[in-house]
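Participant: Supplied in C-alpha cells, the structure appears directly below.
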Amino acid sequence: MTATISVKVEGPVGLDEPEQLLEELGRETGLTWRLETAGQDGTLDGGLAAIMLEAVLGGAVGAAVQVAVQRAIENWRGRRLDPPPVTIIVVQPPQAPQAPPAAQDPQPAPRTDGLATPEGS
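Take the sequence shown: its letters are residues 62 to 182, numbered as in the numbering used here.
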C-alpha cells in the first residue's frame with residue numbers, strides 16, 4: 062500500500078528555509094521529498110506565503126515516518142524565533158472493498174440410477 066505524506070507550512074519563511082526543511086525531512090525520514098510553493102506573501106524579505114512538501118510512502122512504514130516527520134518539523138521550528146504553523150497530512154488511496162467469499166448453495170448430488178428427479182421434490 063502506498064500513501065502520500067504532505068507537510069504544509071503557512072506564513073512567511075526565509076528564502077533558504079524551505080530548502081533547510083526539505084533537507085531535514087529527507088535526513089530524518091530517508092524519503093525523497095518534493096517542494097512546491099503555493100504563492101508569494103509580498104513581504105519585504107520575499108518570504109513565501111505557503112510551501113508544501115510531499116513524499117510517497119510505501120508499505121507499512123507510515124507510523125514511523127510520521128514520527129520522523131514530526132521530529133524534523135520540531136527541530137526546524139525550534140530554530141526559528143517565530144515559527145509558522147505547520148500541518149502534516151497523510152493521504153492513503155481508497156482501498157477497493159473486498160467481496161465476501163461466494164456462498165455455495167448446496168447442490169443436489171447427481172443421481173446414478175438413471176432416473177430424473179422431478180422439480181419440486
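C-beta: ideal position from N, C-alpha, C; glycine also. Quick caveat: nothing in here was measured; it's all calculated off a predicted structure.
From what residue to what residue does the beta strand (DSSP E) around Thr-93 run?
Facilitator: Looking at the DSSP string, Thr-93 is not in any beta strand (DSSP E), and its letter there is neither H nor E.
Participant: DSSP state of Pro-82, grouped into three classes?
Facilitator: In the sequence as displayed, the identity of residue 82 is Leu instead of Pro. Leu-82 falls in the helix class under three-state DSSP.
Participant: Kindly examine the ligand GDP and report whether one of its heavy atoms sits closer than 7 Å to the Cβ of Ala-125.
Facilitator: Of the ligands one can find in the structure shown there are none, so the ligand GDP has no counterpart to examine.
Participant: Using the three-state DSSP reduction, which class does Gly-72 fall into: helix, strand or coil?
Facilitator: Here Gly-72 sits in coil by DSSP.
Participant: Give me, in chain order, the residues of the same chain whose beta-carbon lies closer than 6 Å to that of Leu-92; leave out the 5 immediate sequence neighbours on both sides.
Facilitator: Same-chain partners within the cutoff: Ala-116.
Participant: Given that a residue counts as buried once 16 or more other Cβ atoms are within 10 Å of its Cβ, and exposed if not, what is Leu-83?
Facilitator: Burial call: buried.
Participant: What does a CB cutoff of less than 8 Å around Val-128 pick up in its chain, not counting 5 residues either side in sequence?
Facilitator: There are no such residues.
Participant: Report the partner residues of Leu-114 according to the DSSP bridge assignment.
Facilitator: Paired residue(s): Val-68, Leu-96.
Participant: For Ala-64 and Ile-150, what's the separation of their Cα atoms in angstroms?
Facilitator: C-alpha separation (whole angstroms): 10 Å.
Participant: For Gln-153, which of Asp-143, Leu-118, Pro-73, Trp-137 has the nearest alpha-carbon?
Facilitator: For the residues Asp-143, Leu-118, Pro-73, Trp-137, the minimum Cα distance to Gln-153 belongs to Leu-118.
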